[in-house]
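By this note's numbering, the letter at position 10 of the sequence shown is numbered 34, and the numbering carries on one by one without gaps. Just so you know, even glycine gets a beta-carbon here, dropped at the ideal spot from N, CA and C.
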Amino acid sequence: MSNRVRAIPSILPIKQVTISFELAATVFRDPRALSIYDEEHSIDEERWLTLGISATGGLLVVHHTFTEEDDETVIIRIISSRKTTKQEQQQYTE
Numbered sequence: 025m026s027n028r029v030r031a032i033p034s035i036l037p038i039k040q041v042t043i044s045f046e047l048a049a050t051v052f053r054d055p056r057a058l059s060i061y062d063e064e065h066s067i068d069e070e071r072w073l074t075l076g077i078s079a080t081g082g083l084l085v086v087h088h089t090f091t092e093e094d095d096e097t098v099i100i101r102i103i104s105s106r107k108t109t110k111q112e113q114q115q116y117t118e
């Protein structure tokens, strides 16, 4: 699989946007990004939490799904994003 990634937003009502979709998508460019399977929320589909550095240098957590479209393309559907907690920051740096 190559580094070609296409991210699409989840289609959910947005109450308040604090981190833009575009900024959240930049986390997937972090070579040190840490992805953790989210078993608790993976009922209808596999869901993941990815911790990574955004384009602006902030450490974010992005809740998402992904589908391999072909050998070279992965489609990522972002469900939500937020700043990391102190515990998540420690996970990322370890």
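*Between residue 113 and the rest of its own chain, which residues show a CB-CB distance below 7 Å, the 5 nearest in sequence each way excluded?*
Excluding residues within five positions, the ones whose Cβ falls inside 7 Å are 83.
_Do residue 88 and residue 74 have their beta-carbon atoms positioned less than 8 Å apart in this structure?_
Yes, these two residues count as a Cβ contact at 8 Å.
*Please state whether DSSP places residue 92 in a helix, a strand or coil.*
Strand at residue 92.
*Anyone know if the C-beta pair for residue 48 and residue 105 falls short of 8 Å?*
Between residue 48 and residue 105, the C-beta gap is smaller than 8 Å, which places the two residues in contact.
*For residue 60, does the count of other Cβ atoms within 10 angstroms reach 16, so buried, or fall short, so exposed?*
Residue 60 comes out exposed.
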